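Student: Here's a structure for you.
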Amino acid sequence: MTSAAQQDSSQPAYLGIDRENNPAVVAGRRSREAVAARDKEAWLDNFAADAKVEDPVGPSMFDERGVGFQGRERISQFWDLSIATTESIDFVFDDEIICGNEVAYVGKIVTHIAGHVSEAHGVFTYRADDEGKLSALRAFWEVEKTINSVRPA
């Protein structure tokens, strides 16, 4: 899947980026919408069969070894460990950087859980495959900083 700008042979793909229809932007948007709707199946269906989730990248309370969650079964486990335990999650992105079929967002993810709020400041990336499915979701945020941000809602 390519964006309209990539299909226009009059200019190179890195100019005139179609910010609304870039495959990674669309797949990332679907991911966030499924999280907001608390729709696990829609979220899982948005991933390619061999996709990998690293949220956060490296060792964490979700992934002690820091190897990520690859494939539908493991990504489903990630949902159960992290997303399902929350009341809601807000994505507050200040900047969007599109490169090919990948997008990086700079900002924060605000998590509401058990009457408390935490903020994970970082860089959040989505990569789409040729079918427009997520092949990688990576989140660069520091666990300790996020834990220290916890406050009553």
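So that you can map any letter, position 115 of the sequence shown is 115 in the UniProt record's numbering, and since no number is skipped, the others follow by simple counting. The beta carbon of each residue, even a glycine, is placed where N, CA and C say it ideally should be. Bear in mind that the values here come from a model prediction, so they are computed numbers and not experimental data.
(1) Can you check which of these residues, 128, 151, 121, is closest to residue 30 by C-alpha distance?
(2) For residue 93, which of 99, 71, 103, 85 has the nearest alpha-carbon?
(3) What runs of the alpha helix (DSSP H), each 4 residues or longer, lie entirely inside the segment 39-122?
(4) Run the CB neighbour count on residue 17, radius 10 Å, all protein chains shown included, and call it buried at 16 or more, exposed below.
(5) Please state the DSSP three-state secondary structure of residue 135.
(6) Taking residue 148 as part of the alpha helix (DSSP H), name the residues at either end of that continuous run.
(7) Tell me the rounded alpha-carbon separation between residue 1 and residue 23.
(8) Evaluate the contact criterion for the segment 101-119 versus the segment 146-153: three or more CB pairs, one atom per stretch, below 8 Å.
(9) Could you tell me the distance, in whole angstroms, from the CA atom of residue 48 to the CA atom of residue 138?
(10) Looking at C-alpha atoms only, which residue of 11, 89, 145, 140 is the closest neighbour of residue 123?
(11) How far does the alpha helix (DSSP H) with residue 31 in it extend, from its first residue to its last?
(12) I believe residue 96 touches residue 105 by the beta-carbon criterion, under 8 Å. Please report the beta-carbon distance rounded to the nearest angstrom.
Tutor: The relevant details are as follows:
(1) 128
(2) 103
(3) 40-45, 72-78
(4) buried
(5) strand
(6) 143-148
(7) Interpretation of residue 1 is limited by its pLDDT of 47, a score under 50 that renders its predicted location unreliable; no figure is taken from the coordinates.
(8) yes
(9) 14 Å
(10) 140
(11) 23-37
(12) 6 Å
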